[in-house]
Amino acid sequence: MGLGLPLALITGWLVAQALNQHPKADQKTNQQPLSRIKPVEDQAKQKAPQAIEPEQRLEQLALSHPREWRWRMLLTQRKLQRGDRDGAGRELITLQALWPNRPEVQNLQLLLDLGTKRQATALEQTYDRFKKTPKGQRLTLGLRLADLQRLSGQDNAAIATYRLIAAESPKNMQPLLALALLHRDKGQRQLSQEVLLRARNNLSVSEKNKQTLDQLAVRWQLDSFRKGEERTAKRLLNVLPPPPKARAETTPKP
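With numbering that gives the first Met the number 0 applied, the sequence shown corresponds to residues 0 to 253, in that order.
Laid out in structure tokens, this is it:
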């Protein structure tokens with residue numbers, strides 16, 4: 000599995016939170032002339048203006064707000080999304096030096112470890128930390144462990160972890176939502192709907208969140224129905240015989 004899905008799950012929330020906290024900072028950045036921005040040395044590797052500008056803006060925001068972790072977090076994610084693992088690693092060093100205990104920073108380290116020799120080590124270390132953390136206090140760590148298990152292809156272990164932390168933190172919907180998403184991605188539509196219903200029936204869930212879960216359940220059902228129709232159409236195309244070839248008309252002999 001690539002990095003697109005894991006990064007997409009966290010980037011949107013961080014962007015919204017960051018812009019809400021510093022809307023004026025973003026406006027000031029838009030007003031700064033591009034001549035102040037250091038040009039990319041390797042012209043052959045330059046990105047399109049619309050692709051590189053957001054990263055330059057994030058660099059400016061990270062420098063102008065050195066104590067605000069979200070800007071550097073977004074910058075690290077941006078570099079990682081476009082394949083600059085070395086650049087993302089350098090930004091992560093700063094994040095780890097200033098905010099080593101933030102779950103978001105630790106998650107980024109896991110993303111950088113994916114596909115490398117450190118992935119197995121990261122999974123083992125996270126599992127050991129999870130076992131040593133008291134029950135009821137390891138929700139965030141458990142979510143990270145389950146996600147890492149899933150990204151490592153250990154779906155059954157991830158399911159067990161999601162269920163465990165859901166039982167330990169019954170008032171939090173995150174484990175059940177993650178479990179429902181896992182079942183949906185595996186094509187287990189019925190199990191996915193059952194987990195969503197379980198989350199909805201939790202007494203601690205607000206009416207607004209119940210409506211959101213209802214909408215999510217309907218959307219997943221529609222997506223599953225569309226995919227089923229597409230699969231049926233493909234099977235029919237494979238089964239139906241090819242149309243008969245038109246015979247060439249011949250002029251009858253006199």
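Even for Gly, the Cβ is constructed at its ideal location relative to N, Cα and C.
Measure the beta-carbon distance from residue i to residue j and round it to whole angstroms, keeping in mind my assumption that it falls under 8 Å.
i: S191; j: R183; result: 4 Å
i: L94; j: T115; result: The Cβ separation is near 18 Å, so there is no contact.
i: E174; j: I158; result: The sequence as given places Pro at residue 174; Glu does not occur at that position. That belief does not hold up - the Cβ atoms of P174 and I158 are roughly 11 Å apart, past 8 Å.
i: K185; j: D222; result: Wrong, their Cβ atoms sit about 14 Å apart, outside the cutoff.
Are the beta-carbon atoms of residue i and residue j separated by less than 9 Å?
i: L79; j: L107; result: yes
i: D146; j: L109; result: yes
i: R162; j: L178; result: yes
i: S138; j: S168; result: According to the sequence shown, residue 138 is Leu rather than Ser. A contact, by the Cβ cut-off of 9 Å.
i: W70; j: L91; result: no
i: L140; j: L122; result: no
i: Q61; j: E52; result: The question names Gln, but residue 61 in the sequence shown is Ala. No, the pair does not count as a contact, with Cβ atoms beyond the cut-off.
i: T132; j: Q148; result: no
i: R188; j: Q214; result: no
i: T150; j: L202; result: The residue you asked about is not Thr; residue 150 is Leu in the sequence shown. Not a contact, by the Cβ cut-off of 9 Å.
i: K259; j: R199; result: Past the edges of the chain, shown from 0 to 253, lies residue 259, and the structure says nothing about it.
Could you tell me which of the options sits nearest to residue i, measuring between CA atoms?
i: Q257; options: W98, T75, G82 and N171; result: With the chain covering only 0 through 253, there is no way to say anything about residue 257.
i: G86; options: E54, P65, D222 and P99; result: E54
i: H64; options: R77, L195 and L97; result: L97
i: Q118; options: R101, P102, G152 and F129; result: G152
For residue i, count neighbouring Cβ atoms within 10 angstroms of its own Cβ and tell me buried if that reaches 16, exposed if not.
i: V104; result: buried
i: S205; result: exposed
i: Q31; result: Reliability fails at Q31, whose pLDDT of 36 lies under 50, so the model's placement of it is uncertain and the value that follows must be treated cautiously. Q31 comes out exposed.
i: M72; result: buried
i: K44; result: The pLDDT assigned to K44 is 42, lower than 50, so where the model puts this residue is not dependable, and the model offers no usable value.
i: V217; result: exposed
i: R89; result: exposed
i: T125; result: buried
i: R225; result: exposed
i: P99; result: exposed
Kindly provide the ranges of any alpha helix (DSSP H) runs that are 4 or more residues long and lie completely inside the region 97-135, ordered along the chain. 102-112 and 117-131
Tell me the start and end of each unbroken alpha helix (DSSP H) in the region 167-237 that is at least 4 residues and wholly inside, in chain order. 173-184 and 188-199
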